[in-house]
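To get our numbering, take the position in the sequence shown, counting from 1, and add 215.
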Amino acid sequence: MTTILRKKDNFMESLAHRILVCDGAIGTELRKRIPAYLQCVDACNISTEHAEKVTAIHRAYADAGADVIQTNTYQANREALAVHGLAEQVDEINKMGVVLAREAVPETCYVAGSVGQVSFQSLDSPAPSTKTIRRIFKEQMDALVDAGADLLVLETFVSPKQAEIATKQALTYS
């Protein structure tokens with residue numbers, strides 16, 4: 216089993232003694248910098264044309280004083296990427312998200328793998344099983360952890376069921 220938080224002791228020590236500042240929204244900042252026709256901001260991680268924009272945003276947040284930098288992977292799960300024909304690039308997009316963040320910031324910053332709720336393509340289709348949702352989260356989280364994320368951030372969940380599944384999956388890495 217892969218273990219997350221390779222800087223866990225330092226992170227917990229930091230939390231015990233000071234306030235940690237997190238970065239801001241990377242997707243919002245990317246939207247300002249990329250063409251409107253690009254619908255998938257997570258795919259910027261693997262774009263030779265746009266990866267530098269991701270790195271520049273991370274660097275700007277670190278320069279502004281952020282201690283925790285979130286990867287550009289909020290919707291980089293198989294289901295969300297499938298809408299853009301990128302389902303088979305889950306691993307690559309998530310790993311590059313960690314690499315770009317790590318390259319952009321000083322070693323003193325923590326890199327947080329960003330994971331958002333799974334959005335299913337059709338509201339008419341039956342609700343996916345817990346097993347399916349867990350598998351989707353596991354695939355994304357495995358890639359983030361394997362690439363060296365220091366921690367996982369679960370953000371913007373509107374489904375309590377998905378939040379619970381994601382939290383249980385994230386806890387398997389500690």
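Built from N, CA and C at the ideal position, the CB exists for glycine as well.
About 5 Å separates the Cβ atoms of residue 289 and residue 329, confirming a contact at the 8 Å cut-off. Rounded to the nearest whole angstrom, the C-alpha separation of residue 311 and residue 387 is 22 Å. Runs of alpha helix (DSSP H) with 4 or more residues, each lying fully within the stretch 271-357, are found at 293-297, 305-319, listed in chain order.
For residue 370, the enclosing beta strand (DSSP E) has its first and last residue at 366-370. In the three-state reduction of the DSSP assignment, residue 255 falls in the coil class, being assigned neither a helical nor a strand state.
When rounded, the separation of the alpha-carbon atoms in residue 254 and residue 232 is 41 Å. DSSP places residue 387 in no alpha helix (DSSP H); its state is neither H nor E.
Note that the C-beta distance between residue 273 and residue 241 is below 9 Å. Per the Cβ contact rule, the stretch 279-296 is in contact with the stretch 254-263 (3 or more Cβ pairs under 8 Å). Look at the beta carbons and you see the stretch 343-362 touching the stretch 290-309: at least three pairs across the two are nearer than 8 Å.
One alpha carbon belongs to residue 302, the other to residue 334, and they sit about 13 Å apart. Following the DSSP letters along the chain, one finds residue 248 inside the alpha helix (DSSP H) bounded by residues 241-248. Around the Cβ of residue 237, a 10 Å sphere holds fewer than 16 other Cβ atoms; the residue is exposed.
With 16 or more neighbouring CB atoms inside 10 Å of its own CB, residue 244 falls in the buried class.
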